[in-house]
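Encoded as structure tokens, the structure appears first; notes follow it.
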Amino acid sequence: MEKQKKVLNVIKGYMSKFDIEELTIIEDDKDSVIFSGDVEKFLHPCETMQNEAYRIKMSEVKRVLNFNDEKLFIFI
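For my numbering, add 103 to where a residue sits in the sequence shown, where the first one is 1.
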């Protein structure tokens, strides 16, 4: 069985190949955007957002869209 890709690993993989600046994370089941903004702010969240950011980072990725090698859309 294929290892599930986690949000954090997908972000790091794309950042190693492209100059990713912005990130949008969409919770597919709920049709809701749960993060949209600067990728560095997501990777290094303020203290109040650390638990939620961790939960998102460990979530399973369903699919990824790369826009202009600068913006990622990640569906979880």
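Beta carbons: idealized from backbone N, C-alpha and C, even for Gly.
Beta-carbon spacing of residue i, residue j below 8 angstroms
i: M161; j: K109; result: yes
i: I129; j: F178; result: yes
i: Y180; j: N154; result: With the chain covering 104 to 179 only, the question about residue 180 has no answer from this structure.
Same chain, Cβ closer than 7 angstroms to residue i, five either side skipped, listed in chain order
i: D122; result: D172, E173
i: I166; result: In the sequence as displayed, the identity of residue 166 is Arg instead of Ile. F178, listed in sequence order.
i: Q107; result: E163
i: D131; result: K165, F178, I179
Check: residue i C-beta below 7 angstroms from any heavy atom of the ligand GTP
i: L126; result: Of ligands this structure carries none, so the ligand GTP is not represented either.
Run of the alpha helix (DSSP H) containing residue i, from where it starts to where it stops
i: F121; result: F121 -> no alpha helix (DSSP H), and no H or E assigned at all.
Extent of the continuous beta strand (DSSP E) to which residue i belongs
i: N154; result: Premise fails: N154 lies in the alpha helix (DSSP H), 153 to 160, not in any beta strand (DSSP E).
Residue i - DSSP class collapsed to helix/strand/coil
i: D141; result: strand
i: I114; result: helix
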